[in-house]
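Residue numbers (the UniProt record's numbering): 1 to 203.
Right, dumping it as structure tokens:
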């Protein structure tokens, strides 16, 4: 009986060993480990789950920040350098042409403004000259009309004059006085009959 029990225990031990090889011991999934922290499940409840977060202490020697190495400059060939120089020269010429174009446009605008000012000045001078000429012509016409009216009035007065030599001279004096005054009084020589000829040959 004891011998059979021992044999049975040996068989169970061998079976347990074989099972342990095929079915390893399940690991504890209640603990999760990351780089610098550890998450531990406290207890599982029907309403939810609770975890404990454990941070690892900082290491005494921290890793130095990694510096990004600048890319190595590529050695330019002579042809590439020549192309870069030509491109720079083209940009310089383009900028210079743009500046010259702006200066030309500015000068053209200034010339147009000056030309417009000169035209306006000439037009003003021409209009002022035309107005002055018209005014002078009107003054001349008025003066000639006034002179003609005075002469005609004087002739009418002389035609109405008649009498002796003294009356003729009085008539002439009154006529000359009437030329200087706006109103003409009747001449005394109107009381004489005949014509009044005051030419130098008949005086």
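Think of the CB as a built atom: it goes at the ideal place given N, C-alpha and C, for glycine as much as any other residue.
C-alpha gap between residue i and residue j, whole angstroms
| i | j | result |
| --- | --- | --- |
| residue 158 | residue 148 | 15 Å |
| residue 105 | residue 73 | 45 Å |
| residue 83 | residue 100 | 26 Å |
| residue 200 | residue 161 | Note that residue 200 scores 37 on pLDDT, short of 50, meaning its location in the model is unreliable and no value can be drawn from it. |
| residue 152 | residue 145 | 10 Å |
| residue 88 | residue 108 | 30 Å |
| residue 136 | residue 130 | 10 Å |
| residue 80 | residue 90 | 15 Å |
| residue 116 | residue 139 | 34 Å |
| residue 93 | residue 77 | 25 Å |
| residue 54 | residue 42 | 12 Å |
| residue 127 | residue 111 | 24 Å |
Nearest neighbour of residue i, chosen from the options [CA to CA]
| i | options | result |
| --- | --- | --- |
| residue 57 | 38, 89, 96 | 38 |
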